[in-house]
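According to my numbering, the residues represented by the sequence shown are 508 to 1012, in order.
Let me begin by presenting the structure, written as structure tokens, before commenting on it.
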Amino acid sequence: MVAELVVACPRALGRTWLAAAWLLATAACGADGQTGDAIARGRSLYLSGTHADGRVLSAQNESTGLAVPPAFVACVNCHGHEGRGGNEAGTVASDIRWETLTKPYDYRRPDGRLRAPYDAAAFYTALTQGRDPSGYSLDSAMPRFALEPREADDLWAALQSLAKSDDQGVSEDVIRIGVMMTPHAALNAAAAMDRQLLNCWFGALSARGGMFRRRIELVDAAGAPQQFAPLPLAVLTISSGAGDASTAAAPPTVPMISATEDFSGTDHRYRFAVYPGVVGRARMLARYALARTHPASPALGLVYPDDADDRAAATAIAANLQPLAQVMSLAVSETNANAVVARMRDAGLTHVIVLGAGGSIDAVMTSAERQQWAPQFLWIERPDRDSDDARAVTIEPALGHDVSVDAGSSYAACVDLPSLRLRDRTRQLALLAAAQMLVTGLEQAGREISRERLVETLQSLREFHSGFAPPGSLSPERHVAASGLYVLPLALSPSAAEPVWMLIE
């Protein structure tokens, strides 16, 4: 069987070799004992050619005696994420799916020879000794792999998991996209409006023909946020806004696309965001303030509501800002607002970052005015209430000229614009930017879509225009698309200063 695989990729035999190996591996393990950890280890071998400890898989070319170059050991390059094979450099890469390897009868190879089905023992023998289940030698190009029996079992488990069509969230006529709400959003009435917006926007997309003749079906988690039955292809996250420090828990290998990253960041292969979250925005506000004052001993205040999520976000913000300035980070409630203001005033702070909103933050503003303390407040997100504070600034991810006519029309067709607050429009445009980023990934990945192919396609997006946001780019090292954000006055008046575009570090 491996011989069938090996002929598939003439431009990089090493890639084919691993593909073959992976094939075999998957046929050997059996359904018993498959665990999520085993599948993850097997996928690592198949997708990147690396062992669980990070070592590159080693293999030797049987015909030359030379080691296979590390860059060529990932079988996915020839056989695809689903193992279907296809045309590779003018040669057809073999179908190495589970059902092909384990047919319960002798399989006739392209050269006419019959081979028995693979099982665990035959799979391991093929990988390490180069013989198929019928005892025939594999193609001389097929290398010998240095694998432990347990690792072969991991590969087998991974191949079985890929063989389950439901596992990819795609059928012949439907692509399932999960929708999750962060814990804060689930308690927020505005999130229900955002969910309706997604229904309308994706419904219009499906009415126009969908994606490669597949309609988009939005599904919600059943019970806990990470539980979908069955798993979707990808997940869109609804948050209550950039100041929402809550974390949405998606299944670990399902791509998750959000308008803004949560405070834990996007250092995760399967997480993508259009805009930075509270940590990135706080850093931008700090850079903005310090660049205009050049203090000898930079110091900043940080106030936030006294709850678990905001405390965790504030801790992450303070740690991130430490190289820029000393940070006095204080939790605030409606009962201690006077003491918080007095402490920051006595410390001589002239700039204070505001995380969150609500009664406790309103109490800080009221107390500052009463104590005649007038620092520049730097709001991570525009508050609900209007402000006449001419010095206060906030972050805005996009302005009117960043929204295209077509994108704006598709948004207006789904909402009652006059009834929406500016904060609502900002949040919803960011959500649609995330939705369009997902759609762009689906378009460029093509009809043979899978989660891994979607991840790789998203990572390759360069200067893409969602129509709802400024152009953005992604890469394997960068999972936040935005290149910059606007800092602009909180008070909306004709005399207000012009917005300042700041690049993200």
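All C-beta atoms, glycine included, are put in the ideal place defined by N, C-alpha and C.
Start-to-end residues for the alpha helix (DSSP H) that takes in R550: As a first step, residue 550 is located in the sequence shown; it is residue number 43 there, counting from the start. Its alpha helix (DSSP H) spans residues G543 to S555.
Integer Cβ distance of V962 from Y782, believed to fall under 8 Å: Taking the sequence shown and counting its residues from 1, one reaches residue 962 at position 455. Taking the sequence shown and counting its residues from 1, one reaches residue 782 at position 275. About 19 Å separates the two Cβ atoms, so there is no contact after all.
Span separating the alpha-carbon of R877 from that of A844: Here the question's residue 877 lines up with position 370 in the sequence shown. Here the question's residue 844 lines up with position 337 in the sequence shown. Looking at the two C-alpha atoms, the distance is approximately 11 Å.
First through last residue of the beta strand (DSSP E) which encompasses S836: Position 329 of the sequence shown holds residue 836. Q833 to V839 is the span of the beta strand (DSSP E), which, as asked, contains S836.
Simplified DSSP state of P624, which is helix, strand or coil: For this step, residue 624 is matched to residue 117 along the sequence shown. DSSP places P624 in coil when its eight states are reduced to three.
C-alpha gap between A796 and V987, whole angstroms: Within the sequence shown, residue 796 is the residue found at index 289, counting from 1. Within the sequence shown, residue 987 is the residue found at index 480, counting from 1. Those two C-alpha atoms are separated by around 23 Å.
Where G676 falls: helix, strand or coil (DSSP): Counting from 1 along the sequence shown, the entry for residue 676 is found at position 169. Coil, per DSSP.
9 Å Cβ cutoff met for A793 and I684: Sequence index remark: in the sequence shown, residue 793 carries index 286 (1-based). Sequence index remark: in the sequence shown, residue 684 carries index 177 (1-based). No; because the gap between Cβ atoms is not below 9 Å, this pair is not in contact.
Of the listed residues L992, R954 and V847, nearest to F503 (C-alpha basis): With the chain covering 508 to 1012 only, the question about residue 503 has no answer from this structure.
Whether S874 touches V848 by CB criterion (9 Å): The residue labelled residue 874 in the question sits at position 367 within the sequence shown. The residue labelled residue 848 in the question sits at position 341 within the sequence shown. Taking 9 Å as the Cβ cut-off, S874 and V848 qualify as a contacting pair.
Cβ-based burial, T800 [other Cβ within 10 Å; buried from 16]: Locating residue 800 in the sequence shown gives position 293, where the first residue counts as 1. Exposed is the call here.
Bridge partner(s) assigned by DSSP for T744: Reading the sequence shown from its first residue, position 237 is the one you call residue 744. Its beta-bridge partners are M687 and S765.
Cut-off 7 Å between Cβ atoms - residues of its own chain near R615, not counting five sequence neighbours on either side: To locate residue 615, count along the sequence shown from 1; it is residue 108. Closer than 7 Å at Cβ, skipping near neighbours: L621.
Euclidean distance between Cα positions of L712 and R722: Taking the first residue of the sequence shown as 1, we reach residue 712 at position 205. Taking the first residue of the sequence shown as 1, we reach residue 722 at position 215. When rounded, the distance between both Cα atoms is 8 Å.
Terminal residues of the beta strand (DSSP E) in which I824 lies: Taking the first residue of the sequence shown as position 1, residue 824 is located at position 317. Not the beta strand (DSSP E): I824 falls in the alpha helix (DSSP H), residues A815 to L828.
Cβ-Cβ distance between A581 and A574 below 9 Å: As a working note, residue 581 is residue 74 in the sequence shown. As a working note, residue 574 is residue 67 in the sequence shown. Not in contact: A581 and A574 (Cβ atoms no closer than 9 Å).
Residue ranges of each alpha helix (DSSP H) within the segment 699 to 724, 4 or longer: none
Minimum length 3: unbroken beta strand (DSSP E) runs contained in the segment 888 to 920: 900 to 903
Limits of the beta strand (DSSP E) - the one that Y993 falls within: By one-based count along the sequence shown, residue 993 stands at place 486. Start and end: G991 to P996.
Rounded C-alpha distance that separates L968 from P978: Taking the first residue of the sequence shown as position 1, residue 968 is located at position 461. Taking the first residue of the sequence shown as position 1, residue 978 is located at position 471. Roughly 10 Å between the two C-alpha positions.
Residues that W886 bridges to, as DSSP identifies them: Stepping through the sequence shown from its first residue, residue 886 is reached at position 379. According to DSSP, W886 bridges with V861 and T901.
CB of V900 within 9 Å of CB of L862, strictly: Here residue 900 corresponds to residue number 393 of the sequence shown, with the count starting at 1. Here residue 862 corresponds to residue number 355 of the sequence shown, with the count starting at 1. No, these two residues do not count as a Cβ contact at 9 Å.
For G808: DSSP bridge partner residues: For this step, residue 808 is matched to residue 301 along the sequence shown. G808 is bridged to M835 and V859.
Euclidean distance between Cα positions of T632 and S644: Your numbering for residue 632 matches position 125 in the sequence shown. Your numbering for residue 644 matches position 137 in the sequence shown. Whole-angstrom Cα-Cα distance: 11 Å.
Chain-order list of residues whose beta-carbon lies under 7 Å from that of E569 (same chain, five-residue window excluded): Sequence index remark: in the sequence shown, residue 569 carries index 62 (1-based). So the list reads G637, S647, M649, P650 and R651, once near-sequence residues are dropped.
Endpoints, the beta strand (DSSP E) within which R778 is located: Within the sequence shown, the letter at position 271 stands for residue 778. Segment R778 to Y782, the beta strand (DSSP E) holding R778.
Nearest residue (CA-CA) to E903, options I682, S746 and A989: Counted from its first residue, the sequence shown places residue 903 at position 396. Here the closest residue by C-alpha is A989.
Cutoff 6 Å; reference M688; Cβ partners in own chain excluding five residues on either side: Position 181 of the sequence shown, counted from the start, is the residue given in the question as residue 688. Result list for M688: A698 and I745, in chain order.
Counted within 10 angstroms of its Cβ, other Cβ atoms place L997 as buried (16 or more) or exposed: Translated into the one-based positions of the sequence shown, residue 997 becomes position 490. Buried is the call here.
Simplified DSSP assignment, three categories, for G561: Translated into the one-based positions of the sequence shown, residue 561 becomes position 54. Coil, per DSSP.
Residue(s) in a DSSP beta bridge with M1009: Indexing the sequence shown from 1 puts residue 1009 at position 502. M1009 pairs with L992.
Exposed unless 16 or more other CB atoms sit within 10 angstroms - verdict on R928: For this step, residue 928 is matched to residue 421 along the sequence shown. With fewer than 16 Cβ atoms within 10 Å of its Cβ, R928 is classed as exposed.
Test item: CB-CB of A547 and T760 under 9 Å: Within the sequence shown, residue 547 is the residue found at index 40, counting from 1. Within the sequence shown, residue 760 is the residue found at index 253, counting from 1. Cβ distance < 9 Å, so A547 and T760 count as in contact.
Residue nearest to L784 in terms of C-alpha spacing, selected from A821, A798 and P762: Reading the sequence shown from its first residue, position 277 is the one you call residue 784. Before going further, note that residue 784 is Gly rather than Leu in the sequence given. The option with the nearest alpha carbon to G784 is A821.
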